[in-house]
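Okay, so here's the structure we're looking at.
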Amino acid sequence: MDARPGGPDAARRSGRGGPHPQEPDRILKNLISNAVKYSPGGGRVVIAARPSAERAGMVELSVEDGGVGIPASHLSRIFDKYVRVPNRETAAVRGLGLGLALVRALAEAHGGGVEVESLPGKGSTFRVFLPAESPVLANFPTSSP
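Here the sequence shown is numbered in this note's numbering, starting from 23 and rising by one per residue.
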């Protein structure tokens, strides 16, 4: 278990008895931070929140970037703690490999999940699904597709 404040096990060990209203913000901050860090200068990042067309009763939070992308051989491990994708282009990017583990832990703690689509040299799209009736989404703005 990661005992650091805000680490990937924070949602499970908090003992606060329910969802915390700032957790969608924490999810998005981690995804946006990665999108910016791994996109070359002048790259684009698109953020959206909408009712999921694929999963009934869920809200989809998505972050899409035009960054370096992730090779298919690494996609199965990127949500594990301390995993970073080795890449010459991003060797100077600082981080511990905890952000995506936290995203997954928070999404799953609220009955949701996370998916990624990525192509090297083209970018990545991360989609987080949370129950639409979740109290943490009560005041979270959504946009129409």
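Note that CB positions come from ideal geometry on N, CA and C, so glycine has one too.
- The C-alpha of Ser156 is placed about 31 Å away from the C-alpha of Ile92.
- For Gly145, the number of other beta carbons within 10 angstroms of its own is at least 16, and it is reported as buried.
- Burial is judged here by how many other beta carbons sit within 10 angstroms of a residue's own beta carbon; Glu45 has at least 16 and is buried.
- Here Glu76 is exposed: its Cβ has fewer than 16 other Cβ atoms, across all protein chains shown, within 10 Å.
- Leu122 is the residue among Leu122, Ser95 and Ser84 whose C-alpha sits nearest the C-alpha of Tyr104.
- DSSP places Glu86 in the strand class (E or B) of the three-state scheme.
- Under DSSP, Ser140 takes part in a beta bridge, and its partners are Ser146.
- Between the alpha carbons of Glu86 and Phe148 lies a gap of roughly 6 Å.
- Contiguous beta strand (DSSP E) elements confined to the region 54-79 occur at 67-73, taking only those with 3 or more residues.
- With distances taken between CA atoms, Leu50 lies nearest to Val125 out of Arg66, Asn109 and Val125.
- Put simply, of Ala127, Phe151, Gly88 and Gly119 the residue whose alpha carbon is nearest the alpha carbon of Gly65 is Gly88.
- About 7 Å separates the CB atoms of Pro142 and Val90; that is less than 8 Å, so the two are in contact.
- As a beta-bridge residue in DSSP terms, Val81 pairs with Pro73 and Leu152.
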